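Colleague: Chains as they are written, first to last, in this note's numbering: chain B, 1 to 425; chain U, 1001 to 1288.
For glycine and all other residues, C-beta sits at the position ideal for the given N, C-alpha and C.
Everything numeric in this text was worked out from a predicted model, so none of it was measured.
First, the structure itself, so that you have it in front of you.
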């Protein structure tokens, strides 16, 4: 009783002095368990508790992928998701029923620091913002080995034909042209998903028409091209011998060490290189997935995950104060300090350090050039067929021709749209 | 069949069991039938009639999944039955270190399925796996066991057989022990060869064990999931998908109502296959 009164008095004192109504609080964080996530969060919480010693944090790691999706949904549905969750933005965020399950963060003062292009991907259907960005934006393109490019006298390709011509020379030199890792099936989707900049450059209305059941992969040649690319690479024999079982980390190792020349991947992979093959970090370069023409080439961008507050949290105010810090320049710098610069952050005036690894430096000009980036389809439409990764594995392993695969994927998309109960489907 | 006799137990005696049965078995079963008729995202369930069943039967990989399920169940069940009997005959023949060898055969049954799956995925690696390195040393170019679409399902079945044959062997050892030695003595006096003894004495008299082994391994094969998921995840593509992995992927995608409908179908399928089979086995047993 005495301690309670004591802490109440302390709380009152803090309220009076700093304007924050916080007694001793413990905030429970639910994270996706990636090494980078944990490192960034440790830096953020350490910086925050330095200024707010009465707040402590408890971190819990969940599995990634669809197992993690189901866990987050179950926790939210039963009101046991803790005080802050870290989770994807875009279509996966929409599947959480944000308007019912997450706290409204529209009026969070820190939202003023968040770059406008991020807000739509954490906005509930009722127009309220429910999250703040966590981490850097990612590109979906191709890692390449700069040493190998130099040795063979190659230049960065701007069109698909140039890319394939490079591959032919790389194969001749006895190296693997395109590292392929179907042991982690999700890695098989990059040629299709990363090609979206080129799709929308050619068919600007594709995302809307696709959501409205007016455009299909099978009858939109620009959209079907990604599947064809995968088939071309397989047919030309440009993959590593163990492509069927190799994993994501194998792919990053191959391209970093020069065993392979290219690896189509999202730029979050930089963290893996830093951990596994740090000596090769400067050998990596990056380019956007080449398309049909050089003048319309640009980068497909993935928004980072976000932090949300479950509506059932008992410490909404304390959690909001922390998210306010995450959305500040200091919070952003804490994240950069923890894992280095992997890409541009979504906080205004949050400058990257001057010396970034070459693969990051390759990516930044796309962001600095008007019209050289486009968000990936999953940030523009709620529909992403769940079987895409199996279908792209089939195309990339020569089991199914690209032309059939697009029709099959359209069927998969239809199922997803129906399960979401979308109009017009 | 058997007429109902009045229970010798008073109601209060069976009440605890009844409570457990109703809350943990009956209610979830009925609830799953209800949820299979809804679009369910864990937050809310909207009644949509038979749409989930219609969608599930439209699933492009359902037919392949069903065929694979049947192939997988028949191959694993058949191999476990035949190998199990052969091993049981070997391990009851009084060979050297019989007790130790029996536990060696049974040991894989005790190991975690996921662990076995991960281990074999490493052993079956096309370029770095022990199996293909061994084949290479004798001049054979080993296949991509788990990533060749024509082979993947059978590779997984082989792992399953290795892991499960110990249980079949154990059941057969018990069945063989129950056969009275007098039958063998009598047949030997009548001049039967060892081969004839096996077919005319052992096989018919070990029938109860065969029934158990076939039924258990067939049910196990039909609902098999963990070992497939740990090795191929139904891949490459959809090549080693079985009904259970097709259902699991619907659940993963967040289609909870659809996945529940799939489970109801799996339940009905197992019932349709196993009920006539047990009926047929039991009838034959009476004829014998």
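1. Going straight from the alpha carbon of residue 255(B) to that of residue 1248(U), what length do you get?
2. Note down the Cα distance separating residue 236(B) from residue 229(B), rounded to an integer number of angstroms.
3. Which residues in the same chain have their Cβ closer than 6 Å to the Cβ of residue 146(B), if we skip the five residues on either side of it in sequence?
4. Say whether chain U places a C-beta atom closer than 8 Å to the C-beta of residue 132(B).
5. Find the nearest neighbour of residue 1116(U) within the set 1281(U), 1209(U), 1229(U), judged by alpha-carbon distance.
6. Three-state secondary structure (DSSP) at residue 1107(U)?
7. Residue 332(B) to residue 176(B), Cα distance in whole Å?
8. Nearest to residue 1179(U) by alpha carbon, out of 1198(U), 1159(U), 1202(U)?
9. Taking Cβ-Cβ distances shorter than 9 Å, what residues in chain B pair up with residue 1055(U)?
10. Skipping 5 residues on each side, what residues in its chain have a beta carbon closer than 7 Å to that of residue 956(U)?
11. Could you check whether the Cβ of residue 323(B) sits closer than 8 Å to any Cβ belonging to chain U?
12. Give every residue of the same chain whose Cβ lies closer than 7 Å to the Cβ of residue 1124(U), excluding the five residues on either side of it in the sequence, and list them in chain order.
13. Quick check: the Cα distance between residue 411(B) and residue 1258(U), rounded to an integer number of angstroms?
14. Sort 1169(U), 1052(U), 1079(U), 1075(U) by Cα distance to residue 1091(U) and report the nearest one.
15. Taking only heavy atoms of the ligand GTP into account, decide whether any of them is closer than 7 Å to the Cβ of residue 115(B).
16. Does the Cβ of residue 1280(U) have 16 or more other Cβ atoms within 10 Å, making it buried, or fewer, making it exposed?
17. Residues of the region 93-126 of chain B with a CB closer than 9 Å to any CB of chain U: list them in chain order, please.
18. Would you identify the three-state DSSP class for residue 425(B), choosing helix, strand or coil?
19. Could you give the DSSP three-state label for residue 1206(U): helix, strand or coil?
20. Under 8 Å by Cβ, that's how I've got residue 1221(U) and residue 1079(U) pegged, so tell me the actual separation to the nearest angstrom.
21. Quick check on residue 400(B) - is its C-beta less than 8 Å from some C-beta in chain U?
22. Mind reading off the beta-carbon distance from residue 141(B) to residue 89(B)? Whole number of angstroms is fine, and I expect it under 8 Å.
23. For residue 57(B), which of helix, strand or coil comes out of DSSP?
24. Going residue by residue through the region 84-161 of chain B, where are the continuous alpha helix (DSSP H) segments of at least 4 residues, counting only ones entirely within it?
25. Among residues of its own chain, excluding the 5 on either side of residue 41(B), which ones have a beta-carbon nearer than 7 Å to its beta-carbon?
26. Would residue 1042(U) pass as an interface residue toward chain B - the criterion being a Cβ-Cβ separation below 8 Å?
27. Measure the beta-carbon distance from residue 1235(U) to residue 185(B) and round it to whole angstroms, keeping in mind my assumption that it falls under 8 Å.
28. Cα separation between residue 1158(U) and residue 1060(U)?
29. Taking the beta strand (DSSP E) that residue 285(B) falls in, what are its first and last residues?
30. Using a Cβ-Cβ cutoff of 7 Å, what residues of the region 1113-1134 of chain U are near chain B? List them in chain order.
31. Got a sec, what are the start and stop residues for the alpha helix (DSSP H) residue 253(B) sits in?
32. Take residue 291(B) as the anchor and find which of 309(B), 302(B), 179(B), 202(B) has the nearest alpha-carbon.
33. Taking Cβ-Cβ distances shorter than 9 Å, what residues in chain U pair up with residue 408(B)?
34. If you measure between the beta carbons of residue 231(B) and residue 395(B), is that distance less than 8 Å?
35. Rank 1194(U), 1263(U), 1205(U), 1274(U) by C-alpha distance to the C-alpha of residue 1175(U) and give the top, closest one.
36. List the residues of chain U whose Cβ lies closer than 8 Å to the Cβ of residue 182(B), in chain order.
Modeller: Based on what the coordinates show:
1. As a position in the first chain, residue 255(B) is number 255, starting the count at 1. As a position in the second chain, residue 1248(U) is number 248, starting the count at 1. CA-to-CA, the gap between residue 255(B) and residue 1248(U) works out to about 34 Å.
2. Residue mapping note: residue 236(B) aligns to position 236 of the first chain, counting from 1. Residue mapping note: residue 229(B) aligns to position 229 of the first chain, counting from 1. Taking the straight line from one Cα to the other gives about 11 Å.
3. Along the first chain, read from residue 1 onward, the residue named residue 146(B) stands at position 146. The residues are 283, 285.
4. Your numbering for residue 132(B) matches position 132 in the first chain. Closer than 8 Å: no.
5. Reading the second chain from its first residue, position 116 is the one you call residue 1116(U). The candidate whose alpha carbon is nearest that of residue 1116(U) is 1229(U).
6. Within the second chain, numbered from 1, the residue matching residue 1107(U) stands at position 107. Three-state result, residue 1107(U): helix.
7. Sequence index remark: in the first chain, residue 332(B) carries index 332 (1-based). Sequence index remark: in the first chain, residue 176(B) carries index 176 (1-based). Computed Cα separation, rounded: 38 Å.
8. For the purposes of this step, residue 1179(U) is identified with residue 179 of the second chain, where counting begins at 1. The residue with the shortest Cα to Cα distance from residue 1179(U) is 1202(U).
9. Counted from its first residue, the second chain places residue 1055(U) at position 55. By Cβ distance, chain B contributes 415, 418, 419.
10. Chain U is shown from 1001 up to 1288; residue 956(U) falls before or after that span and cannot be answered.
11. Taking the first residue of the first chain as position 1, residue 323(B) is located at position 323. Not an interface residue.
12. Residue numbering aside, residue 1124(U) sits at position 124 when the second chain is read from its first letter. Excluding residues within five positions, the ones whose Cβ falls inside 7 Å are 1131, 1145, 1146, 1155.
13. Numbered from 1 along the first chain, position 411 holds the residue referred to as residue 411(B). Numbered from 1 along the second chain, position 258 holds the residue referred to as residue 1258(U). Their backbone Cα atoms lie some 15 Å apart in a straight line.
14. Your numbering for residue 1091(U) matches position 91 in the second chain. Cα-wise, what sits closest to residue 1091(U) is 1169(U).
15. No copy of the ligand GTP occurs in the structure displayed, which carries no ligand at all.
16. In the second chain, counting from the first residue as 1, residue 1280(U) sits at position 280. So residue 1280(U) ends up on the exposed side.
17. Taking 9 Å as the Cβ-Cβ cut-off against chain U, the residues of the region 93-126 of chain B that qualify are 95, 96, 97, 100, 101.
18. On the first chain, position 425 is the one that residue 425(B) refers to. Reduced to three states, the DSSP call for residue 425(B) is coil.
19. Walking along the second chain from the start, residue 1206(U) turns up at place 206. In this structure, residue 1206(U) counts as coil in the three-state DSSP scheme.
20. Taking the first residue of the second chain as 1, we reach residue 1221(U) at position 221. Taking the first residue of the second chain as 1, we reach residue 1079(U) at position 79. About 10 Å; that fails the 8 Å criterion.
21. Numbered from its first residue, the first chain carries residue 400(B) at position 400. It does: the Cβ of residue 400(B) has a partner Cβ on chain U nearer than 8 Å.
22. On the first chain, position 141 is the one that residue 141(B) refers to. On the first chain, position 89 is the one that residue 89(B) refers to. No, residue 141(B) and residue 89(B) are not in contact; Cβ-Cβ is about 20 Å, not under 8 Å.
23. Here residue 57(B) corresponds to residue number 57 of the first chain, with the count starting at 1. Collapsing the DSSP output to three states places residue 57(B) in a strand.
24. Within the region 84-161 of chain B, the complete alpha helix (DSSP H) runs of at least 4 residues fall at 91-94, 98-101, 146-152.
25. Counting from one through the first chain, the residue named residue 41(B) turns up at place 41. Residues 29, 31, 59 of the same chain have their beta carbon placed closer than 7 Å to that of residue 41(B), with the five preceding and five following residues left out of the count.
26. The count along the second chain starts at 1 and reaches residue 1042(U) at position 42. Taking a beta-carbon distance threshold of 8 Å, residue 1042(U) counts as an interface residue toward chain B.
27. Here the question's residue 1235(U) lines up with position 235 in the second chain. Here the question's residue 185(B) lines up with position 185 in the first chain. The Cβ separation is near 6 Å, so the contact holds.
28. The residue given as residue 1158(U) occupies position 158 in the second chain. The residue given as residue 1060(U) occupies position 60 in the second chain. Straight-line measurement puts the Cα of residue 1060(U) at about 27 Å from the Cα of residue 1158(U).
29. As a first step, residue 285(B) is located in the first chain; it is residue number 285 there, counting from the start. Counting along the chain, the beta strand (DSSP E) containing residue 285(B) begins and ends at 284-288.
30. From the region 1113-1134 of chain U, only 1125, 1126, 1127 have a Cβ closer than 7 Å to chain B.
31. The residue labelled residue 253(B) in the question sits at position 253 within the first chain. In the DSSP assignment, residue 253(B) falls within the alpha helix (DSSP H) that extends over 248-257.
32. Translated into the one-based positions of the first chain, residue 291(B) becomes position 291. Comparing Cα-Cα distances from residue 291(B) to each of 309(B), 302(B), 179(B), 202(B), the minimum goes to 202(B).
33. Indexing the first chain from 1 puts residue 408(B) at position 408. Ordered by position in chain U, the residues that pass the 9 Å Cβ test against residue 408(B) are 1060.
34. In the first chain, the residue the question calls residue 231(B) occupies position 231. In the first chain, the residue the question calls residue 395(B) occupies position 395. Yes; because the gap between Cβ atoms is below 8 Å, this pair is in contact.
35. Position 175 of the second chain holds residue 1175(U). Closest option to residue 1175(U), Cα to Cα, is 1205(U).
36. Here residue 182(B) corresponds to residue number 182 of the first chain, with the count starting at 1. The answer, in chain order, is 1147, 1235, 1236.
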